[in-house]
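Number of protein chains: 2
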Amino acid sequence: MKFSFADRMNGVDESFIREILKVTEKPEIISFAGGLPNPGLFPVREISEAAQKVFTQKGESALQYATTEGYLPLREYIAARYREKQGLEIQADDILITNGSQQGIDLVAKVLLNKGDHVVIERPGYLGAIQAISLYEPEFHGISMDEDGIDIDKLAAVFKHHPLKLFYAVPTFQNPSGITYSREKRERVAEILKNSPTIILEDNPYGDLRFTGADLPLIKSRVQEQGILMGSFSKITVPGTRLGWICAAKEIMDKLKVAKQAADLHSNFLSQVIIHQYLEDNDLDEHIGKIKTKYHQQCQCMLSTIQQYFPQDVQCTQPEGGMFLWATLPEGMSSLELFEKAILENVAFVPGGAFYVDGGGERSFRLNFSNSNEEKIETGIKKLSEAIKKMML
Amino acid sequence: MKFSFADRMNGVDESFIREILKVTEKPEIISFAGGLPNPGLFPVREISEAAQKVFTQKGESALQYATTEGYLPLREYIAARYREKQGLEIQADDILITNGSQQGIDLVAKVLLNKGDHVVIERPGYLGAIQAISLYEPEFHGISMDEDGIDIDKLAAVFKHHPLKLFYAVPTFQNPSGITYSREKRERVAEILKNSPTIILEDNPYGDLRFTGADLPLIKSRVQEQGILMGSFSKITVPGTRLGWICAAKEIMDKLKVAKQAADLHSNFLSQVIIHQYLEDNDLDEHIGKIKTKYHQQCQCMLSTIQQYFPQDVQCTQPEGGMFLWATLPEGMSSLELFEKAILENVAFVPGGAFYVDGGGERSFRLNFSNSNEEKIETGIKKLSEAIKKMML
């Protein structure tokens, strides 16, 4: 039988990225395709100990239904961290716990967007945001990324000509490009959008993972209620518990809570209590330090192997943190074709096209360095460079 | 600043039910308002042991990102249980793990409904379904419930006059009424909707909790691909891990997976692996047996106290299972007014109006018996009967 689905499902590409990720799951493949943290760095023992404590001390309440907002001590921890690290005056009531920051994107789009509403997204942009926001049928404006962040002139032009409902960005160690907005670009974005009804959704899952350079202020620090922050425990503790958060002003938060309650009542409460216990009993910054050291090594390994083996005219971003870098082949070459060739050599990545709402990225591709050790990175990049060279013949 | 939200948020009642539940959280209140399982029955020790095993044997993989569909062994367990208990030919690929069955409702509505699409819901109906589906701006048709299930003539009339996209029902131990569809009503619903494009969403979180009477076949057993089943571990293990599932045919499942991935990538994986370990190492049916014995006692205690103390002309359903019963005051009385009076006596319930998409239920109210021991039930029902009698003066 053929059923009649909602119009919002029409434009959705069901298979491409899922097919890619399926191919890359084969054990013989060296995969730079996914966006997985290095599981060797997971604090398994510490989380296990936290879990035991929770089961012993408050098992019944941790296993019961809970409030939509999330576990209060966990929200207090997140708010205190914003105050301490960012100097932002954020309280627990400004925080809503979500299933990873991915759910945050879905909920923000749900409460904000009517069909045809205007939304800015980076090009390339985060694939998960494209997928989530697309289902609300907006009119996307893709704005290209320079080495120091989004193209400001283009943003100003879009803002001038369209009633912009939502600006979505990953300004720090962006997925997929690894690019970080400069201080000046952050200020310019805030200047352009400030005191308008445009919501600025600043997605910051990687911000803690800086290897080099100095921390930069959040765009949120230069705007008021229109700034929404999203964060995640996935990259700094573990991703399997799906714990992220939205930080938003009360007017928006009231709507988000309604949408969250309708979506799934509340996020996994047991994991909220366990992760909070872990955070209480351990030094998160010390743990993040270990992750940064390791990822920095892996990133440097990937960059130096690329420099040594890739043809000179393949360009590559130089991330100061995060989990990804972004390579671009010379004119006339196709990253999709390279993908097909590379898979034959048992190496995988994500071709760039998936990260564009409006076409583009045909020559580019995303490389993940967080989920492979240095040996695999060297082997994989060498194989990839051979595939590129063969294509150039 | 005033932001412009999506139209779908306009009709949403943000506060009423949240305010009620807030009032009922005060420790001095005997609350029959929530829908919480009895935490004294949670298998805390067993789940704790399962967790320890998981951390020891497969900590890294249980804490990593995972597939959108959910943990394969858990989906296999669910499918096998459908085959064993219901005789339905269901396989793991037919199952998608969700954040409780609440998320299942949201995802099904998301992939099916355009604004204005026609949806049948019971009156009274499950509040969480009303909240989730409302955000997709359907045209609801509320169809009243008799003692043996939905009013078949009304369903036939609605089906005849409207292109029905979705029929949502909780046919077994319904929330809020405690009513169970008779075998005949199940057959009639299937007959009316069969071989049409109407999706039948059969929500069955309480089906395992039968105290008396014989099990009845699912409506799904009489229809083909158009039947979607939803289930939940919340009422038979613990709710805090938010684990439920959708069981759907491939054509629908493909869309649901796209929507699930966009919504939050996947459900909490650690909890999926832990709950599966718990199910492997323990006898679920034995545990369900304990729950049923206890809830049956609590239900009987509530019913007999009602019979003894409530005025004769207050009507009450006689549930054969589940967690709720439904009381109706005599003509001219208001359950909302009773709520205000009862709160002064430190007893709470949910007034009936919240469960109707189209007005109604002014005389009725929902009583939960699963989350109070017999002493509290007796005390609370006595106080409630005094409040009713005072109102009748």
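In the order they appear, the protein sequences are chains E and U. Numbering-wise (our numbering), the first sequence opens with residue 1 and increments by one. Numbering-wise (our numbering), the second sequence opens with residue 1001 and increments by one. Where a beta carbon is used, it is the ideal one built from N, C-alpha and C, also for glycine. Predicted model, so just to flag it, every value in this text is computed and none were measured.
- In this structure the segment 82-100 of chain E does not touch the segment 129-136 of chain E; the number of beta carbon pairs closer than 8 angstroms is below three.
- In terms of Cβ geometry, TYR1071(U) and GLN1272(U) form a close pair [threshold 8 angstroms].
- Legend: CB atoms of the segment 239-250 of chain E lying less than 8 angstroms from CB atoms of chain U belong to residues PRO239, GLY240, THR241 and ARG242.
- Where PHE1003(U) is concerned, there is no enclosing alpha helix (DSSP H), because DSSP gives it neither an H nor an E.
- ASP313(E) sits in coil when the DSSP states are folded into three classes, being neither helix nor strand.
- Chain U places no beta carbon closer than 8 angstroms to that of PRO311(E), leaving this residue out of the contacts.
- When beta bridges are read from the DSSP output, GLU139(E) appears opposite HIS118(E).
- Taking a beta-carbon distance threshold of 8 angstroms, GLU362(E) does not count as an interface residue toward chain U.
- When secondary structure is reduced to three states using DSSP, ALA1214(U) falls in the coil class, being assigned neither helix nor strand.
- Nearest to ALA1156(U) by alpha-carbon distance, out of SER1196(U), GLY1332(U) and GLY1059(U), is SER1196(U).
- When the alpha-carbon of ASP1208(U) is set against those of GLY1359(U), ASP1313(U), LEU1193(U) and GLY1231(U), the nearest one is in GLY1231(U).
- Against LEU1112(U), the close residues of chain E are PHE5 and ALA6, in the order they occur along the chain (beta-carbon pairs closer than 7 angstroms).
- Think of a sphere of 8 angstroms around the beta carbon of PHE1042(U): the chain E residues whose beta carbon falls inside it are GLY59, GLU60, LEU63 and GLN64, in chain order.
- For the segment 361-389 of chain E, there are no residues whose beta carbon sits under 8 angstroms from a beta carbon of chain U.
- Nearest C-alpha to ILE1252(U) among ILE1228(U), HIS1266(U), GLY1244(U) and PHE1269(U): ILE1228(U).
- Along the segment 1263-1275 of chain U, the positions whose C-beta sits under 8 angstroms from a C-beta of chain E are ALA1263, ASP1264, LEU1265, HIS1266, SER1267, ASN1268, PHE1269, LEU1270 and SER1271, read in chain order.
- Not a single CB atom of chain U sits nearer than 8 angstroms to the CB of ASN175(E).
- Nearest neighbour of LEU1107(U) by Cα position, chosen from LEU325(E), ARG8(E), LYS160(E) and ASP285(E), turns out to be ARG8(E).
- For LYS165(E), the secondary structure class from DSSP, reduced to helix, strand or coil, is strand.
- Counting the other Cβ atoms within 10 Å of the Cβ of MET392(E) gives fewer than 16, which makes it exposed.
- Under the three-state reduction of DSSP, ASP264(E) is assigned to helix.
- Out of GLN226(E), VAL238(E), PRO171(E) and ASN175(E), the CA that lies nearest to the CA of CYS247(E) is found in GLN226(E).
- The C-beta of LYS255(E) comes closer than 8 angstroms to at least one C-beta of chain U.
- At least one beta carbon of chain U lies nearer than 8 angstroms to the beta carbon of LEU36(E).
- Counting along the chain, no beta strand (DSSP E) covers PHE42(E), and no H or E run does either.
- The residue from ASP1093(U), PRO1073(U) and SER1101(U) with its alpha-carbon nearest to that of GLU1202(U) is SER1101(U).
- Below the 8 angstroms Cβ cutoff, chain E contributes ALA51, GLN52, PHE55, THR56 and GLY59 as neighbours of SER1048(U), in chain order.
- Residue-level contact check: ALA132(E) touches chain U, since one or more beta carbons of chain U fall below 8 angstroms from its beta carbon.
- For GLN1261(U), at least one C-beta of chain E is nearer than 8 angstroms to its own C-beta.
- Taking each of PRO1163(U), LYS1110(U) and VAL1238(U) in turn and checking the Cα distance to GLY1040(U), the smallest one comes out for VAL1238(U).
- The beta carbon of GLU345(E) is closer than 8 angstroms to those of LYS383, LEU384, GLU386 and ALA387 in its chain, skipping five residues each way along the sequence.
- Take the alpha-carbon of HIS266(E) and the one of ARG1242(U): they are about 8 angstroms apart.
- Bounds of the alpha helix (DSSP H) holding THR379(E) are 374-392.
- Interface flag for ASP1281(U) against chain E is unset, since no Cβ pair is found closer than 8 angstroms.
- Each of VAL119(E), GLY352(E), ASP264(E) and GLY149(E) was checked against the Cα of ILE200(E), and the nearest Cα belongs to VAL119(E).
- The beta carbon of PHE42(E) is closer than 7 angstroms to those of VAL238 in its chain, skipping five residues each way along the sequence.
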